[in-house]
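Quick note: the sequence shown uses the numbering used here, first residue 2, plus one each step.
By construction, the Cβ of each residue, glycine as well, lies at the ideal position given by its N, Cα and C atoms.
Below you'll find the structure, written out as C-alpha coordinates, and then a few comments.
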Amino acid sequence: QALSPRPVVAVRCQEGQLVVTVSRDLFGTGRPVRVTELSLGTASCPPLSPNAAQGFVTFVAALHECGSTLKVTPDSLIYRTTLFYKPTRSGNPLIVRATPAEVPIECHYPRRSNVSSGAVRPTWAPFRSTVAAEERLRFSLRLMDDEWSKERLSNGFQLGDSLRFQADVASEGHVPLRLFVDQCVATATPDGSSSPRYAFIDRAG
2 QALSPRPVVA VRCQEGQLVV TVSRDLFGTG RPVRVTELSL GTASCPPLSP NAAQGFVTFV
62 AALHECGSTL KVTPDSLIYR TTLFYKPTRS GNPLIVRATP AEVPIECHYP RRSNVSSGAV
122 RPTWAPFRST VAAEERLRFS LRLMDDEWSK ERLSNGFQLG DSLRFQADVA SEGHVPLRLF
182 VDQCVATATP DGSSSPRYAF IDRAG
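Next up, the structure:
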(Lines of atoms letter the chains of each structure in order from A; the text may use other names.)
(Lines give C-alpha, C1' and ligand atoms only; values in the text may rest on other atoms or scores of the structure.)
Protein backbone atom coordinates (compact mmCIF):
# COMPACT_ATOMS: atom_id res chain seq x y z
CA GLN A 2 0.00 0.00 0.00
CA ALA A 3 1.45 3.34 -1.04
CA LEU A 4 2.01 5.95 1.63
CA SER A 5 0.05 9.19 1.44
CA PRO A 6 2.26 12.00 0.12
CA ARG A 7 3.36 14.72 2.51
CA PRO A 8 1.05 17.75 2.09
CA VAL A 9 2.59 20.80 0.46
CA VAL A 10 1.51 23.07 3.34
CA ALA A 11 0.49 21.57 6.69
CA VAL A 12 -0.79 23.62 9.63
CA ARG A 13 -1.13 22.61 13.28
CA CYS A 14 -3.02 24.91 15.66
CA GLN A 15 -1.66 24.31 19.13
CA GLU A 16 -2.31 25.88 22.51
CA GLY A 17 -0.79 29.33 22.20
CA GLN A 18 1.05 28.83 18.90
CA LEU A 19 0.78 27.56 15.35
CA VAL A 20 3.21 25.34 13.42
CA VAL A 21 3.36 25.60 9.62
CA THR A 22 5.34 23.02 7.63
CA VAL A 23 6.02 23.87 3.97
CA SER A 24 7.42 21.61 1.25
CA ARG A 25 10.22 23.31 -0.65
CA ASP A 26 8.75 21.73 -3.80
CA LEU A 27 5.93 24.20 -3.32
CA PHE A 28 4.39 23.83 -6.78
CA GLY A 29 5.12 20.15 -7.43
CA THR A 30 7.56 20.89 -10.25
CA GLY A 31 10.55 19.14 -8.69
CA ARG A 32 12.35 22.48 -8.32
CA PRO A 33 12.63 23.50 -4.66
CA VAL A 34 12.07 27.14 -3.77
CA ARG A 35 14.67 29.00 -1.77
CA VAL A 36 14.14 29.11 1.98
CA THR A 37 14.68 32.88 1.94
CA GLU A 38 11.73 33.24 -0.45
CA LEU A 39 9.28 31.96 2.19
CA SER A 40 7.98 34.03 5.12
CA LEU A 41 5.07 34.03 7.55
CA GLY A 42 2.75 36.97 8.18
CA THR A 43 2.98 40.64 7.37
CA ALA A 44 5.98 40.84 9.73
CA SER A 45 7.86 38.49 7.33
CA CYS A 46 8.88 36.03 10.04
CA PRO A 47 11.52 33.56 8.77
CA PRO A 48 11.32 29.78 9.24
CA LEU A 49 13.37 27.81 11.72
CA SER A 50 16.93 27.12 10.57
CA PRO A 51 16.42 24.35 7.99
CA ASN A 52 18.55 21.27 7.41
CA ALA A 53 19.94 21.43 3.89
CA ALA A 54 19.04 17.77 3.40
CA GLN A 55 15.39 18.31 4.31
CA GLY A 56 12.81 18.99 1.65
CA PHE A 57 10.65 21.16 3.88
CA VAL A 58 10.85 24.16 6.20
CA THR A 59 8.97 24.82 9.44
CA PHE A 60 7.56 28.02 10.92
CA VAL A 61 6.68 28.21 14.63
CA ALA A 62 4.98 31.37 15.93
CA ALA A 63 2.86 32.42 18.87
CA LEU A 64 -0.73 33.19 17.92
CA HIS A 65 -0.18 36.96 18.24
CA GLU A 66 3.19 37.08 16.45
CA CYS A 67 4.24 37.73 12.83
CA GLY A 68 1.49 40.29 12.25
CA SER A 69 -1.40 37.89 12.77
CA THR A 70 -4.87 39.30 13.38
CA LEU A 71 -7.58 38.21 15.80
CA LYS A 72 -11.30 38.13 15.03
CA VAL A 73 -13.73 37.47 17.89
CA THR A 74 -17.12 35.91 17.14
CA PRO A 75 -19.83 34.74 19.56
CA ASP A 76 -18.50 31.18 19.24
CA SER A 77 -14.82 31.42 18.35
CA LEU A 78 -11.51 33.24 18.51
CA ILE A 79 -10.06 33.25 14.98
CA TYR A 80 -6.36 33.97 14.44
CA ARG A 81 -5.39 34.78 10.84
CA THR A 82 -2.03 34.98 9.12
CA THR A 83 -0.58 34.36 5.65
CA LEU A 84 2.27 32.29 4.23
CA PHE A 85 4.11 34.33 1.59
CA TYR A 86 6.21 33.09 -1.32
CA LYS A 87 8.19 35.96 -2.84
CA PRO A 88 10.63 34.75 -5.53
CA THR A 89 13.90 36.61 -5.89
CA ARG A 90 14.97 38.02 -9.24
CA SER A 91 17.44 35.85 -11.10
CA GLY A 92 20.69 37.33 -12.41
CA ASN A 93 20.16 35.47 -15.68
CA PRO A 94 17.45 37.21 -17.77
CA LEU A 95 16.70 33.88 -19.51
CA ILE A 96 15.54 32.35 -16.23
CA VAL A 97 12.01 33.31 -15.32
CA ARG A 98 10.92 32.43 -11.77
CA ALA A 99 7.37 31.90 -10.58
CA THR A 100 5.18 34.81 -9.60
CA PRO A 101 4.51 35.48 -5.88
CA ALA A 102 1.92 33.37 -4.08
CA GLU A 103 0.00 33.67 -0.82
CA VAL A 104 -1.57 30.98 1.38
CA PRO A 105 -4.08 32.39 3.92
CA ILE A 106 -4.11 30.43 7.20
CA GLU A 107 -6.63 30.44 10.05
CA CYS A 108 -6.72 28.90 13.52
CA HIS A 109 -10.16 28.65 15.18
CA TYR A 110 -10.52 28.29 18.96
CA PRO A 111 -14.17 27.60 19.89
CA ARG A 112 -15.20 26.98 23.50
CA ARG A 113 -15.11 23.20 23.34
CA SER A 114 -12.37 20.60 23.70
CA ASN A 115 -11.28 19.20 20.36
CA VAL A 116 -8.26 19.73 18.12
CA SER A 117 -7.99 19.02 14.42
CA SER A 118 -5.61 20.01 11.66
CA GLY A 119 -5.45 19.87 7.91
CA ALA A 120 -3.30 20.70 4.92
CA VAL A 121 -3.66 22.90 1.86
CA ARG A 122 -2.08 23.24 -1.58
CA PRO A 123 -1.15 26.72 -2.86
CA THR A 124 -2.61 28.01 -6.13
CA TRP A 125 -2.18 31.23 -8.04
CA ALA A 126 -5.48 32.54 -6.70
CA PRO A 127 -5.64 33.25 -2.94
CA PHE A 128 -7.67 30.68 -1.05
CA ARG A 129 -8.40 29.81 2.54
CA SER A 130 -6.77 27.15 4.69
CA THR A 131 -8.79 26.56 7.82
CA VAL A 132 -7.47 24.59 10.75
CA ALA A 133 -9.54 24.34 13.90
CA ALA A 134 -8.38 23.96 17.46
CA GLU A 135 -10.85 24.33 20.28
CA GLU A 136 -10.44 25.43 23.85
CA ARG A 137 -12.46 26.28 26.93
CA LEU A 138 -12.34 29.69 28.67
CA ARG A 139 -13.05 29.84 32.41
CA PHE A 140 -14.56 32.91 34.09
CA SER A 141 -14.77 33.83 37.78
CA LEU A 142 -16.15 36.69 39.90
CA ARG A 143 -14.91 37.01 43.50
CA LEU A 144 -15.35 39.32 46.48
CA MET A 145 -11.92 40.47 47.71
CA ASP A 146 -10.76 41.70 51.13
CA ASP A 147 -9.85 45.34 51.84
CA GLU A 148 -6.20 44.79 50.79
CA TRP A 149 -7.08 42.99 47.53
CA SER A 150 -4.78 40.19 48.72
CA LYS A 151 -7.26 37.31 49.05
CA GLU A 152 -10.88 36.35 48.63
CA ARG A 153 -13.30 37.71 51.26
CA LEU A 154 -14.64 35.01 53.56
CA SER A 155 -18.01 36.66 54.21
CA ASN A 156 -20.49 38.00 51.66
CA GLY A 157 -22.38 40.09 54.22
CA PHE A 158 -22.03 43.89 54.27
CA GLN A 159 -23.30 46.82 56.31
CA LEU A 160 -24.72 50.00 54.83
CA GLY A 161 -21.82 52.19 53.69
CA ASP A 162 -19.28 49.35 53.35
CA SER A 163 -17.11 49.22 50.23
CA LEU A 164 -17.37 46.19 47.95
CA ARG A 165 -14.32 45.00 46.03
CA PHE A 166 -15.03 42.68 43.10
CA GLN A 167 -12.44 40.89 41.01
CA ALA A 168 -13.44 39.41 37.63
CA ASP A 169 -11.04 37.00 35.91
CA VAL A 170 -10.80 34.91 32.75
CA ALA A 171 -8.32 32.02 32.52
CA SER A 172 -7.04 32.39 28.94
CA GLU A 173 -4.47 29.56 29.18
CA GLY A 174 -2.18 29.81 26.14
CA HIS A 175 -3.94 32.74 24.51
CA VAL A 176 -2.61 36.23 24.22
CA PRO A 177 -3.90 38.41 27.10
CA LEU A 178 -7.65 39.04 26.92
CA ARG A 179 -9.54 42.08 28.20
CA LEU A 180 -12.61 41.21 30.30
CA PHE A 181 -15.65 43.51 30.30
CA VAL A 182 -18.50 43.34 32.84
CA ASP A 183 -21.80 44.49 31.32
CA GLN A 184 -23.98 44.36 34.42
CA CYS A 185 -23.68 43.83 38.19
CA VAL A 186 -26.45 44.09 40.81
CA ALA A 187 -26.75 43.58 44.58
CA THR A 188 -29.80 41.89 46.12
CA ALA A 189 -30.82 40.67 49.56
CA THR A 190 -31.11 37.08 48.27
CA PRO A 191 -29.16 34.87 45.80
CA ASP A 192 -31.88 35.58 43.21
CA GLY A 193 -30.50 38.36 41.02
CA SER A 194 -33.97 39.35 39.82
CA SER A 195 -35.46 39.81 43.32
CA SER A 196 -36.30 43.13 44.98
CA PRO A 197 -34.86 45.29 46.31
CA ARG A 198 -31.95 45.27 43.88
CA TYR A 199 -29.18 47.86 43.40
CA ALA A 200 -27.18 48.25 40.20
CA PHE A 201 -23.40 48.71 40.55
CA ILE A 202 -22.72 48.36 36.83
CA ASP A 203 -25.32 48.80 34.10
CA ARG A 204 -25.73 49.99 30.51
CA ALA A 205 -23.00 47.59 29.32
CA GLY A 206 -20.44 49.02 31.74
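- By the C-beta density criterion, THR188 is exposed, having fewer than 16 other C-beta atoms within 10 angstroms.
- When DSSP assignments are scanned along the stretch 133 to 166, the uninterrupted stretches of beta strand (DSSP E) that are 3 or more residues long and fall wholly within it turn out to be 139 to 144.
- By the C-beta density criterion, TYR199 is exposed, having fewer than 16 other C-beta atoms within 10 angstroms.
- According to DSSP, ALA62 shares a beta bridge with LEU19.
- Excluding the 5 residues flanking it on each side, THR70 has same chain C-beta neighbours closer than 6 Å at ARG81, in chain order.
- For ARG179, no beta strand (DSSP E) run applies, since DSSP gives it neither H nor E.
- In the DSSP assignment, CYS67 falls outside any beta strand (DSSP E), carrying neither H nor E.
- If you draw a straight line from the Cα of ARG204 to the Cα of VAL182, it is about 10 Å long.
- When the Cα atoms are used, THR100 and LEU78 turn out to be separated by approximately 33 Å.
- Pairing PRO48 with LEU41, the inter-Cα distance amounts to about 8 Å.
- Out of VAL10, PRO88 and GLN18, the CA that lies nearest to the CA of HIS109 is found in GLN18.
- Between ALA168 and LEU154 the beta-carbon gap is near 19 Å, outside 8 Å, which marks them as no contact.
- When the beta-carbon positions are compared, ASN156 and LEU144 come within less than 8 Å of each other.
- The beta carbon of THR22 sits closer than 7 Å to those of ALA11, PHE57 and THR59, all from its chain and outside the five residues before and after it, given in chain order.
- Rounded to whole angstroms, the gap between the alpha carbons of PRO197 and PRO191 is 12 Å.
- Counted as a single uninterrupted DSSP element, the beta strand (DSSP E) harbouring GLU107 occupies residues 102 to 111.
- Counting C-beta atoms within 10 angstroms of its own C-beta, GLU152 has fewer than 16 neighbours from the protein chains shown and is therefore classed as exposed.
- Among the bridge pairs identified by DSSP, ARG13 is matched with VAL20.
- Contact between TYR86 and VAL9 does not hold, since their C-beta atoms are separated by about 11 Å, which reaches or exceeds 8 Å.
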